[in-house]
């Protein structure tokens with residue numbers, strides 16, 4: 714891996730947050746920035762997770778797909794009832 718330097722300008726508030734988080738994680742600001750950048754390129758996959766004992770939380774794309782299927786089913790049932 715080739716290491717290079719990069720100079721960026723960021724708001725003081727963000728720098729303070731990065732510094733605090735780096736200290737909390739017991740590593741340098743440089744390591745904190747690299748970790749966050751790497752995570753932004755490889756976000757963890759979205760998975761359904763339990764919200765309550767009888768429900769789950771789904772990614773938006775799945776909810777959108779389910780809504781489309783349900784709307785289509787309602788249309789078809791309405792057509793059959795009107796015949």
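Residue numbers (this note's numbering): 714 to 796.
Ideal Cβ positions, reconstructed from N, Cα and C, are used throughout, including at glycine.
All figures in this text were calculated on a predicted structure; none of them were measured in a lab.
Rounded separation between residue i and residue j - CA only
{"i": "residue 730", "j": "residue 742", "result": "10 angstroms"}
{"i": "residue 791", "j": "residue 785", "result": "10 angstroms"}
{"i": "residue 775", "j": "residue 783", "result": "12 angstroms"}
{"i": "residue 718", "j": "residue 739", "result": "22 angstroms"}
{"i": "residue 724", "j": "residue 779", "result": "41 angstroms"}
{"i": "residue 781", "j": "residue 769", "result": "19 angstroms"}
{"i": "residue 750", "j": "residue 756", "result": "10 angstroms"}
{"i": "residue 734", "j": "residue 767", "result": "36 angstroms"}
{"i": "residue 772", "j": "residue 754", "result": "19 angstroms"}
{"i": "residue 728", "j": "residue 716", "result": "22 angstroms"}
{"i": "residue 726", "j": "residue 736", "result": "15 angstroms"}
Classification of residue i by the beta-carbon crowding that lies within 10 angstroms, buried from 16 upward
{"i": "residue 745", "result": "buried"}
Bounding residues of the beta strand (DSSP E) (the contiguous stretch that carries residue i)
{"i": "residue 768", "result": "768-770"}
Continuous alpha helix (DSSP H) stretch holding residue i: start and end
{"i": "residue 791", "result": "773-795"}
{"i": "residue 753", "result": "742-754"}
{"i": "residue 731", "result": "725-737"}
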